[in-house]
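All remarks here apply to the structure that follows.
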Amino acid sequence: MGRVSIAPATVTLSDHFARTLPELALAWQAEHAPAPNLLALNERLAAELGLDAAWLRSPDGLRLLVGEHVPDGVTPVAQAYAGHQFGHYAPRLGDGRALLLGEVAHADGSSRDLHLKGSGRTPFARGGDGLAAVGPMLREYVVSEAMNALGIPTTRSLAVVATGRPVRRETVLPGAVLARVASSHLRVGSFQYARATGDVDLLRRLADHAIDRHHPAAADAANRYLALFEAVVAAQASLVARWMLVGFVHGVMNTDNTTISGETIDYGPCAFMEAFDPATVYSSIDHAGRYAYGNQPRVAEWNLARLAEALLPLFSDDEEQGVAQAVEALGAFRGRYNDTWSAGMAAKLGLDRPAPAPLVDDLLTLLQDNHVDHTSFFRRLGAAADGDTEPARELFLDLAGIDAWLARWRAHGPDAAAMRLVNPAYIPRNHLVEEALAAATTGDLAPLERLLDAVTAPYDERPGLDRYAEPAPADFGAAYQTFCGT
Ligand code: AMP
Ligand code: MG
Numbered sequence: 002m003g004r005v006s007i008a009p010a011t012v013t014l015s016d017h018f019a020r021t022l023p024e025l026a027l028a029w030q031a032e033h034a035p036a037p038n039l040l041a042l043n044e045r046l047a048a049e050l051g052l053d054a055a056w057l058r059s060p061d062g063l064r065l066l067v068g069e070h071v072p073d074g075v076t077p078v079a080q081a082y083a084g085h086q087f088g089h090y091a092p093r094l095g096d097g098r099a100l101l102l103g104e105v106a107h108a109d110g111s112s113r114d115l116h117l118k119g120s121g122r123t124p125f126a127r128g129g130d131g132l133a134a135v136g137p138m139l140r141e142y143v144v145s146e147a148m149n150a151l152g153i154p155t156t157r158s159l160a161v162v163a164t165g166r167p168v169r170r171e172t173v174l175p176g177a178v179l180a181r182v183a184s185s186h187l188r189v190g191s192f193q194y195a196r197a198t199g200d201v202d203l204l205r206r207l208a209d210h211a212i213d214r215h216h217p218a219a220a221d222a223a224n225r226y227l228a229l230f231e232a233v234v235a236a237q238a239s240l241v242a243r244w245m246l247v248g249f250v251h252g253v254m255n256t257d258n259t260t261i262s263g264e265t266i267d268y269g270p271c272a273f274m275e276a277f278d279p280a281t282v283y284s285s286i287d288h289a290g291r292y293a294y295g296n297q298p299r300v301a302e303w304n305l306a307r308l309a310e311a312l313l314p315l316f317s318d319d320e321e322q323g324v325a326q327a328v329e330a331l332g333a334f335r336g337r338y339n340d341t342w343s344a345g346m347a348a349k350l351g352l353d354r355p356a357p358a359p360l361v362d363d364l365l366t367l368l369q370d371n372h373v374d375h376t377s378f379f380r381r382l383g384a385a386a387d388g389d390t391e392p393a394r395e396l397f398l399d400l401a402g403i404d405a406w407l408a409r410w411r412a413h414g415p416d417a418a419a420m421r422l423v424n425p426a427y428i429p430r431n432h433l434v435e436e437a438l439a440a441a442t443t444g445d446l447a448p449l450e451r452l453l454d455a456v457t458a459p460y461d462e463r464p465g466l467d468r469y470a471e472p473a474p475a476d477f478g479a480a481y482q483t484f485c486g487t
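Take the sequence shown: its letters are residues 2 to 487, numbered as in my numbering.
Here it is as structure tokens:
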């Protein structure tokens, strides 16, 4: 445990991870930030972590947020992990440009990782420069905080600090460090790495750590490691179902970007789908559409199969029996996914029981055929439940089709008020995110602040925010692409 006391604030960081799993923790220091400048600070999250926002804004606070000023006795670490990237196994990824500062106590009694992204090269950097640009770090800040406001498990963003150090990408960009807070940074790839060492004791310690931190009920099961796997299957199935319900496309669902906690992590080329289409892909590097919107449940299941392979030696001494157990446990994914998705879709439709499958299937076909904006449709459907069908139906070319569907749906007695609590008015739409990041990169933070204001209270429709509820103008382009920002 390390502690830094700088009046009036105290920051206490634990090195529990590094002590428990030294094989996965490489002591390392952040690079110097020549001119730290705070771009965004999440005061509410700071308060939950017992961190004094005024102190975080001070020069010493900024030096903590870029990793230069850590408590005595605390050593930041780069975490080791492996991972399948677009289906190809990479045995040594790890934090190439990130550091775990340590664990902080949350007001709810649990611990959270305080982690930095963009803090300089580490021994895992391979060809990378270890840096991050202002745009992508603010992008993670906005999208992760929007996801949190939508009630979707996610890593959180505490702050983005511009470093004053230029970053070379296609052009020269201002550099930044994101201070991220997560239940942990344990990934499927962490287990793949531990397994690949051949050290079963390390694998077991990692699994015990994950049980302790995320899935404590597994400790009481007859086969605790199988129970851990089952709990991760359940958490990921529910997570991805929630992504699907809001039209979120993660964009780079590699096994190193799949958490054990069930939180969304590593916002790179992610984006929210506008016109409903399962084939939607935004990432410039996802040529084959592996991580397209509609593929996400299958990819999550595939990633969990990789977790099962990594955990196999812990399931049973008899490999054949272990495989059978893993297959059965993974078999629960689809049911779990369908449960969350069906309950969520019923809620979006204002129904208090699962909607009949043809009603939902026919709606999705109509949305796709008519290129209807997913978020606007469900929000406007709330008015239709009250009898005003025009705002929803005007989104369709096939009016006879949507009229027939609306009549079938209204026969189920949808609850308009309940719908407004689950169908967001405001999501971080791609054109608004790009606009805010472009302005922030040139020093104007006002559009970012307005966007954050809209998307962090997504259900609360407010006057003056109309443009935040509208899809991108046609000239923004169907060819919109996102980039990893690495
Ligand atoms: P990501 O696709 O962002 O999840 O990153 C995949 C891997 O590449 C991780 O091991 C990262 O640490 C590493 N990486 C990404 N960008 C950089 C960079 N600019 N410098 C060093 N390593 C990086
Ligand atoms: Mg990653």
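All residues carry an ideal CB built from backbone N, CA and C; glycine is no exception.
Host beta strand (DSSP E) of residue i (start-end)
i, result
"Asn38", "Asn38 to Leu42"
"Glu471", "From DSSP, Glu471 is part of no beta strand (DSSP E); its letter is neither H nor E."
"Leu115", "Ser112 to Lys118"
"Gln86", "Gly84 to Gln86"
"Leu50", "Looking at the DSSP string, Leu50 is not in any beta strand (DSSP E), and its letter there is neither H nor E."
"Ala99", "Ala99 to Ala106"
Rounded distance between the beta-carbons of residue j and residue i, thought under 8 Å
i, j, result
"Gly351", "Ala386", "5 Å"
"Thr156", "Val182", "7 Å"
"Thr256", "Val189", "4 Å"
"Pro459", "Ala426", "6 Å"
"Ser284", "Thr483", "6 Å"
"Phe192", "Ala347", "With 8 Å as the limit, Phe192 and Ala347 do not qualify as a contact, their Cβ atoms being about 35 Å apart."
"Gln297", "Val233", "At roughly 16 Å, the Cβ-Cβ gap does not stay under 8 Å, so Gln297 and Val233 are not in contact."
"Ala180", "Ala160", "4 Å"
"Phe230", "Ala83", "With 8 Å as the limit, Phe230 and Ala83 do not qualify as a contact, their Cβ atoms being about 18 Å apart."
"Glu264", "Pro359", "In fact, because the Cβ distance is near 34 Å, the residues do not count as touching under 8 Å."
"Gly88", "Gly269", "Not really, about 17 Å apart at Cβ, beyond 8 Å."
"Ala26", "Val78", "4 Å"
"His116", "Ala99", "6 Å"
"Gly129", "Gly97", "5 Å"
"Gly252", "Tyr292", "6 Å"
For residue i, the first and last residue of its enclosing alpha helix (DSSP H)
i, result
"Glu302", "Gln297 to Phe316"
"Gly136", "Val135 to Ala150"
"Val324", "Glu320 to Leu331"
"Ile428", "Taken as a continuous stretch (DSSP letters only), Ile428 belongs to no alpha helix (DSSP H), as it is neither H nor E."
"Thr21", "His17 to Thr21"
"Met420", "Ala417 to Arg421"
"Asp61", "Pro60 to Leu66"
"Leu350", "Run containing Leu350: none; DSSP gives neither H nor E here."
"Arg127", "No alpha helix (DSSP H) holds Arg127; DSSP gives it neither H nor E."
"Gly290", "Note, Gly290: premise wrong, no alpha helix (DSSP H); not H, not E."
"Asp404", "Leu400 to Arg411"
DSSP beta-bridge partners of residue i
i, result
"Phe249", "Phe273"
"Leu27", "Ala79"
"Pro167", "Pro175"
"Ala91", "Gly84"
"Val162", "Leu39 and Val178"
"Arg157", "Val182"
"Ser284", "Thr483"
"Thr265", "Thr155"
"Thr260", "Arg188"
Fill in: Completely contained alpha helix (DSSP H) runs for the region 178-230, where each covers 4 or more residues
189-197 and 201-215
Discussion item. Just to confirm the assignment: which complete alpha helix (DSSP H) runs, minimum length 4, are found wholly within the region 432-480?
Written reply: 447-456
Item to complete: Within the region 355-397, note down every full alpha helix (DSSP H) run reaching 4 residues or more, in order along the chain.
Response: 358-370, 375-386 and 391-394
Worksheet entry | Closer than 6 Å: residues whose CB approaches a heavy atom of the ligand MG | Asp257, Asn258 and Asp267
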